[in-house]
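To start, the structure itself, in structure tokens.
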Amino acid sequence: MKQILYSPVYGGIGSLIILALLQPFGIDQLGSQRIPFILGECACVFLCLFLSECFFLWVCPRLSSTGNAKRKESSSIWRLAVVLAPSYVINSCLVSASLLCFCGWFYFDDIFNGWIGPEGFTLRPYLNMTAQVMFVAFFIYIWAIYRASNGKLKDELSELRALNKLLEERQEAVATQNEEQPAESLPAAICCIKGNYHNDILEIDPQNIVYVESMSNYADICYMQEGTMEHKTMRITLKQLRESLSEVECLMSCHRAFIVNLNFVVSISPRVSGGYQLDVFGCDKQIPVSRTYIDEIKQRMKKEVKNNK
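Taking the numbering used here, the leading residue of the sequence shown gets 1, the next gets one more, and so forth.
Here it is as structure tokens:
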């Protein structure tokens, strides 16, 4: 219910401020009737926005002006503007019809008076009202874009803090496990990665793989060897590598072009273009994280923290 009331309440307040300051529609000539007229129009705006939000949230969520923009992968102002545009147009048309009826009732005690011209029923008054409403509502539309963008950034910051906290818990749990059972006391689990070329082979402990980057039909495997960072480019697809390394828990996909070793991830930071990136120990390369993999990474880290406690 709180989500549904966001747009109606803010729309009503915005309408009240704009009507009181700009006084369009001849409000400045109403005298003592000015305040009742403004409150009545704000009530119409609130009711129309409330009904449209109920309809859009339950019937057509993609057109809802509440919440939908925050679920977008990008916080781009232009994308938010496109998301909110249908709601802006539809609500303006609905509010215009409501205000035209209200004006007819307020001035002539007949809600249909505004729809009747010298030659009978006409859409001209409605079109004029729609143009004026869209002009006034444009300022509310701009404000709604700013609010949605600001809300998206706040949500991302909150999610980023939660991810880094979870990463720290995982690092502590892994460090505790390593203290109890040092890696030196365990035999290295060497795996053999075979490329699609003859004799294109890499024998490596998968725990030492830092990340794998897909480059079309090739893959760049970055790994630690005797304390130094090494790279090997092989003719092999990322899909083949995922299948070969599927049993290694610390290795997982974070992007359609990357596999990363969570043991080497130092922190998670925001990307300039939107979304997140992984800061990897001993490596200047910042690895992007697709939003489709965020939940999977969360669940994997939670599982490892729980298992290592």
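The beta carbon of each residue, even a glycine, is placed where N, CA and C say it ideally should be.
Predicted, not measured: the structure shown is a model, and the values here were computed from it.
Rounded to a whole number of angstroms, what is the C-alpha to C-alpha distance between residue i and residue j?
i: residue 224; j: residue 148; result: 43 Å
i: residue 304; j: residue 163; result: 14 Å
i: residue 200; j: residue 175; result: 35 Å
i: residue 81; j: residue 247; result: 44 Å
i: residue 26; j: residue 8; result: 24 Å
i: residue 32; j: residue 113; result: 23 Å
i: residue 85; j: residue 280; result: 40 Å
i: residue 266; j: residue 45; result: 50 Å
i: residue 226; j: residue 272; result: 34 Å
i: residue 30; j: residue 132; result: 18 Å
i: residue 57; j: residue 93; result: 18 Å
i: residue 53; j: residue 290; result: 30 Å
i: residue 106; j: residue 78; result: 39 Å
i: residue 252; j: residue 155; result: 25 Å
i: residue 51; j: residue 173; result: 51 Å
i: residue 228; j: residue 222; result: 10 Å
i: residue 234; j: residue 294; result: 28 Å
i: residue 160; j: residue 264; result: 18 Å
i: residue 23; j: residue 128; result: 16 Å
i: residue 283; j: residue 135; result: 52 Å
i: residue 63; j: residue 144; result: With a pLDDT of only 49 at residue 63, under 50, the local geometry of the prediction cannot be trusted, and the value read off the model is given with reservation. Distance between the alpha carbons of residue 63 and residue 144 is about 14 Å.
i: residue 102; j: residue 157; result: 44 Å
i: residue 108; j: residue 20; result: 23 Å
i: residue 111; j: residue 151; result: 39 Å
i: residue 302; j: residue 206; result: 21 Å
i: residue 122; j: residue 130; result: 14 Å
i: residue 117; j: residue 124; result: 9 Å
i: residue 307; j: residue 165; result: 17 Å
i: residue 178; j: residue 90; result: 60 Å
i: residue 276; j: residue 292; result: 11 Å
i: residue 217; j: residue 256; result: 13 Å
i: residue 100; j: residue 137; result: 16 Å
i: residue 190; j: residue 146; result: 53 Å
How about residue i and residue j: are their beta carbons less than 8 Å apart?
i: residue 238; j: residue 219; result: yes
i: residue 236; j: residue 260; result: no
i: residue 48; j: residue 98; result: yes
i: residue 278; j: residue 254; result: yes
Using 8 Å for Cβ pairs, my map puts residue i next to residue j. What's the rounded Cβ distance?
i: residue 96; j: residue 126; result: 6 Å
i: residue 258; j: residue 211; result: 6 Å
i: residue 153; j: residue 268; result: About 16 Å; that fails the 8 Å criterion.
i: residue 11; j: residue 140; result: 6 Å
Identify whether residue i lies in helix, strand or coil by the three-state DSSP scheme.
i: residue 30; result: coil
i: residue 67; result: Note that residue 67 has pLDDT 48, beneath the 50 cutoff, so the model's placement of it is unreliable and no number is given.
i: residue 197; result: coil
i: residue 171; result: helix
i: residue 257; result: coil
i: residue 233; result: strand
i: residue 222; result: strand
i: residue 125; result: helix
i: residue 272; result: coil
i: residue 191; result: strand
i: residue 213; result: strand
i: residue 111; result: coil
i: residue 203; result: strand
i: residue 290; result: coil
i: residue 23; result: coil
i: residue 73; result: With a pLDDT of only 45 at residue 73, under 50, the local geometry of the prediction cannot be trusted, and the value read off the model is given with reservation. Coil, per DSSP.
i: residue 248; result: coil
i: residue 284; result: coil
i: residue 120; result: strand
Does chain C have any CB closer than 8 Å to the CB of residue i?
i: residue 301; result: Structure shown: chain C not included; a single protein chain is present.
Would you check if the stretch 227-246 and the stretch 290-298 touch, i.e. whether three or more CB-CB distances between them fall below 8 Å? In the pairwise beta carbon analysis, the stretch 290-298 is classified as not touching the stretch 227-246: fewer than three pairs are separated by under 8 Å.
contact_flag[the stretch 38-47, the stretch 9-18] where n(CB pairs < 8 Å) is 3 or more: These segments touch.
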